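>
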Amino acid sequence: MEASHLPRVSVLIVDDRPENLAALEASLEPLGLQVVQAQSGDDALRAVLDEQFAVILMDVRMPGLDGFETLALLRQRERSRDTPIIFLTAYSEQQVLVQSYASGAVDYILKPFDPEIVRSKVKVFVQLRQNELALQKAYAHLESRVAERTAELAAANLALLERFEGTEPRRVHHKGTNGANGANGVEESAKLAAAESPSCEQVD
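Numbering-wise (our numbering), the sequence shown opens with residue 197 and increments by one.
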């Protein structure tokens with residue numbers, strides 16, 4: 197499917213620092229996405245109530261709910277249960293990276309981040325979401341066409357049935373008429389035979 201025909205999807209970026217949010221949004225701008233910002237874990241939880249995102253980019257270290265705690269809460273909600281989450285972290289320690297995957301994140305990006313890396317990682321999940329939405333739309337259209345065609349066939353069958361029932365009495369009438377004509381024919385034949393009988397006796 198051509199890119200111009202794919203549905204536009206949304207991405208959620210979560211970071212407590214406005215400058216990081218601005219840099220992330222600028223990095224994603226070439227992808228033509230709808231970008232929603234959240235400055236805390238609580239803001240992120242509220243954001244997923246209104247929209248289903250293709251992917252969530254979230255800082256690990258934030259005041260209040262950190263990234264791991266927010267992810268755990270997001271997984272408890274139907275709308276965000278399966279949403280891919282990429283962690284943003286300035287910590288490259290093995291323990292932090294292992295914890296990121298163990299918590300359910302699909303990937304991580306180290307700060308300071310490279311805009312090209314951000315786009316390449318996000319683009320994968322954006323395309324998956326676009327294809328999912330396109331398939332849902334195509335399936336809904338197919339279901340609608342099947343329902344329409346089924347209704348058309350049902351109406352055609354009903355019309356044929358009504359026509360058949362309308363001609364059935366005439367068929368019975370024709371049969372009755374033919375039967376009467378047959379009886380009259382037998383009666384006439386009997387009369388002719390009786391009239392001819394005396395002539396036969398006089399010949400003898």
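Cβ coordinates follow ideal geometry from the N, Cα and C atoms, glycine included.
None of the values given here were measured: they were computed from a predicted structure.
Touch check for the segment 292 to 301 and the segment 315 to 326: three-plus C-beta pairs under 8 Å?
At 8 Å Cβ cutoff, the stretches do not touch.
> Can you grab the Cα-Cα spacing for the pair ALA347 / LEU357, in whole Å?
Residue numbering aside, residue 347 sits at position 151 when the sequence shown is read from its first letter. Residue numbering aside, residue 357 sits at position 161 when the sequence shown is read from its first letter. Their backbone Cα atoms lie some 15 Å apart in a straight line.
> For PRO259, which option in ARG204, VAL210, GLN233 has the closest C-alpha, if you only look at C-alpha atoms?
On the sequence shown, residue 259 is found 63 positions in, with the first residue counted as 1. The candidate whose alpha carbon is nearest that of PRO259 is VAL210.
> Between the Cα of LEU229 and those of LEU241, ASN353, PHE249, spot the shortest distance and give me the residue it belongs to.
As a first step, residue 229 must be located in the sequence shown, where it is residue number 33. Per the Cα distances, PHE249.
> Could you compute how far the alpha carbon of SER206 sits from the alpha carbon of ILE252?
One-based indexing of the sequence shown puts residue 206 at position 10. One-based indexing of the sequence shown puts residue 252 at position 56. Rounded to the nearest angstrom, the two C-alpha atoms are 9 Å apart.
> Relative to the alpha-carbon of THR285, which residue among ASN327, LEU306, THR279 has its alpha-carbon at the smallest distance?
Along the sequence shown, one-based indexing puts residue 285 at 89. Here the closest residue by C-alpha is LEU306.
> Buried or exposed, going by whether 16 or more other CB atoms sit within 10 Å of the CB of ARG246?
Stepping through the sequence shown from its first residue, residue 246 is reached at position 50. Strictly speaking, residue 246 in this sequence is Asp, with Arg absent from that position. So ASP246 counts as exposed.
> Mind reading off the beta-carbon distance from SER244 to PRO280? Whole number of angstroms is fine, and I expect it under 8 Å.
Residue 244 sits at position 48 when you count from the first residue of the sequence shown. Residue 280 sits at position 84 when you count from the first residue of the sequence shown. In the sequence under discussion, the amino acid at residue 244 is Val, which differs from the Ser named in the question. With a Cβ gap of about 13 Å, VAL244 and PRO280 do not count as contacting.
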